[in-house]
Amino acid sequence: MSDKLYVVIPAYNESANIKQLIDSWYPIVEKHNGNDESRLVIINDGSKDDTYELLQAAEEDHPLLKALTKPNGGHGSTVLFGYRYAIANHADYIFQTDSDNQTNPAEFEGFWNLRKEYSAIIGNRASREDGKQRVFVEKTLLVLLRLYYGVHVPDSNAPFRLMKTSLVAKYINKLPRNYNLPNVMLTTYFAYFHEKIKFKKVSFIPRQGGVNSINIPKITKIGYHALGDFYQLKKHIND
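Numbering-wise (this note's numbering), the sequence shown opens with residue 27 and increments by one.
The following block contains the structure:
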């Protein structure tokens with residue numbers, strides 16, 4: 027039995043990036059097409075442009091591509107939507123990345139080769155080219171996670187992670203259904219409960235097209251809510 031891989035990618039107003047995105051990640055799914063059931067799952071998060079129409083058109087000559095759509099709910103809720111879809115369809119492994127083409131598909135194989143040794147292999151963006159503000163946000167998150175949960179991780183939110191589906195299923199219900207920082211908390215749970223995980227360095231380049239939907243006001247709002255969320259989630263961490 028070959029491993030069934032679901033590559034999960036949220037997309038919002040990414041018409042400028044969709045073709046490159048599919049061209050980059052579809053060959054990965056083709057190569058690791060366990061029993062003809064692996065899928066490239068791209069979820070349209072209520073885009074205002076023609077992202078979903080482009081995805082639907084691409085499905086016609088990409089049989090392993092699954093285009094999904096949902097009302098706009100933000101990056102976190104869309105990631106969770108994709109994870110639940112992979113769980114419901116009995117994927118063996120979930121790989122998550124983003125639609126802005128900042129990650130390098132050539133680095134996937136190094137993660138895949140470690141899948142039998144670890145329950146999750148998570149990217150460590152040791153060198154980031156997406157701006158000092160985002161680096162500051164990530165470093166602040168890491169400090170908060172140490173204070174709230176006592177976990178020491180080098181990167182909590184990297185959109186380059188390969189996880190056993192069974193591991194994601196184990197922790198996903200600890201999160202609110204549309205939680206906005208699911209990768210941060212899943213990383214935290216994995217570390218807090220001493221799951222067998224590995225952090226592996228990955229490259230992270232600037233956005234390759236389109237407009238970044240995350241700005242400083244949004245980051246500030248997310249950060250403010252995260253403080254309360256971390257406190258509440260810590261209270262129920264052993265539930």
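Cβ atoms here follow ideal geometry from the backbone N, Cα and C, with glycine treated the same way.
Problem - Residue span of the alpha helix (DSSP H) that contains Q128, given as start and end - result: Against the sequence shown, residue 128 aligns to sequence position 102. Per DSSP, Q128 is not a residue of any alpha helix (DSSP H), being assigned neither H nor E.
Handout entry: Reduced DSSP category for D71 - H, G, I as helix; E, B as strand; rest coil
Key = On the sequence shown, residue 71 is found 45 positions in, with the first residue counted as 1. Looking at D71 - three-state DSSP - the assignment turns out to be strand.
Problem - Pick from N115, I148, F225 that is closest to K92, judged by C-alpha positions - result: Residue numbering aside, residue 92 sits at position 66 when the sequence shown is read from its first letter. For K92, the closest C-alpha among the options N115, I148, F225 is that of N115.
Exercise for the section: Quick one: grab the DSSP three-state call for F121. Expected result: Within the sequence shown, numbered from 1, the residue matching residue 121 stands at position 95. Under the three-state reduction of DSSP output, F121 falls in the strand class.
Problem - Per-residue DSSP class, three states only, for K30 - result: Along the sequence shown, read from residue 1 onward, the residue named residue 30 stands at position 4. Here K30 sits in strand by DSSP.
Problem - Close beta carbons around D76, own chain, < 7 Å, minus the five adjacent residues each side - result: As a working note, residue 76 is residue 50 in the sequence shown. Result list for D76: S41, in chain order.
Exercise for the section: Compute the distance between the beta-carbons of E221 and S145, then report whether it is under 8 Å. Expected result: Position 195 of the sequence shown, counting from 1, holds the residue named residue 221. Position 119 of the sequence shown, counting from 1, holds the residue named residue 145. Less than 8 Å divides the Cβ of E221 from the Cβ of S145.
Handout entry: Beta bridge counterpart(s) of M189 as assigned by DSSP
Key = As a first step, residue 189 is located in the sequence shown; it is residue number 163 there, counting from the start. Beta-bridge pairing links M189 to I120, A146.
Exercise for the section: Identify whether I35 lies in helix, strand or coil by the three-state DSSP scheme. Expected result: Residue 35 sits at position 9 when you count from the first residue of the sequence shown. Of the three classes helix, strand and coil, the one that applies to I35 here is strand, per DSSP.
Problem - Beta-carbon contacts of K226 that lie in its chain and below 8 Å, excluding the five residues immediately before and after - result: For the purposes of this step, residue 226 is taken as residue 200 along the sequence shown, with counting starting at 1. Closer than 8 Å at Cβ, skipping near neighbours: G136, F137, L140, I147, I148, G149, N150.
Handout entry: Selected residue, minimal CA-CA separation from D124, among I263, H88, V228, I35
Key = To locate residue 124, count along the sequence shown from 1; it is residue 98. When each option's Cα is compared against that of D124, the closest is I35.
Problem - Cβ-Cβ distance between L106 and Y205 below 8 Å - result: Residue numbering aside, residue 106 sits at position 80 when the sequence shown is read from its first letter. Residue numbering aside, residue 205 sits at position 179 when the sequence shown is read from its first letter. Result yes, Cβ atoms of L106 and Y205 sit closer than 8 Å.
Practice task
Please report how far the alpha carbon of E56 lies from the alpha carbon of D265, in whole angstroms.
Solution key: Within the sequence shown, numbered from 1, the residue matching residue 56 stands at position 30. Within the sequence shown, numbered from 1, the residue matching residue 265 stands at position 239. The alpha-carbon atoms of E56 and D265 are separated by roughly 39 Å.
Handout entry: Inter-residue Cα distance where the pair is L171 and F216
Key = Position 145 of the sequence shown holds residue 171. Position 190 of the sequence shown holds residue 216. Rounded to the nearest angstrom, the two C-alpha atoms are 12 Å apart.
Practice task
Mind listing, in chain order, the continuous beta strand (DSSP E) runs of no fewer than 3 residues lying wholly within the region 179-232?
Solution key: Those beta strand (DSSP E) runs which fall completely within the region 179-232 and span 3+ residues are 186-190, 223-230.
Exercise for the section: Given a cut-off of 8 Å, decide if H58 and L64 are closer than it, judged by their beta-carbon atoms. Expected result: In the sequence shown, the residue the question calls residue 64 occupies position 38. In the sequence shown, the residue the question calls residue 58 occupies position 32. Note on identity: in this sequence residue 64 is Ser, with Leu being the wrong assignment. S64 places its beta carbon less than 8 Å from that of H58.
Exercise for the section: Flag this pair as yes or no: are the beta carbons of Q82 and R187 separated by less than 8 Å? Expected result: Taking the first residue of the sequence shown as position 1, residue 82 is located at position 56. Taking the first residue of the sequence shown as position 1, residue 187 is located at position 161. Contact flag unset, no.
Exercise for the section: Give a yes or no on whether the C-beta atoms belonging to Y218 and V163 are separated by under 8 Å. Expected result: The sequence position of residue 218 within the sequence shown is 192, counting from 1. The sequence position of residue 163 within the sequence shown is 137, counting from 1. A distance of 8 Å or more separates the beta carbons of Y218 and V163.
Exercise for the section: Since I believe L94 is in contact with N70 (beta carbons under 8 Å), could you give me their beta-carbon distance rounded to a whole number of angstroms? Expected result: Here residue 70 refers to the residue found at position 44 of the sequence shown. Here residue 94 refers to the residue found at position 68 of the sequence shown. Indeed, because the Cβ distance is near 7 Å, the residues count as touching under 8 Å.
Exercise for the section: Could you pull out every residue in the same chain whose Cβ sits closer than 6 Å to the Cβ of T129, ignoring the five residues on either side in sequence? Expected result: The count along the sequence shown starts at 1 and reaches residue 129 at position 103. T123, F186, listed in sequence order.
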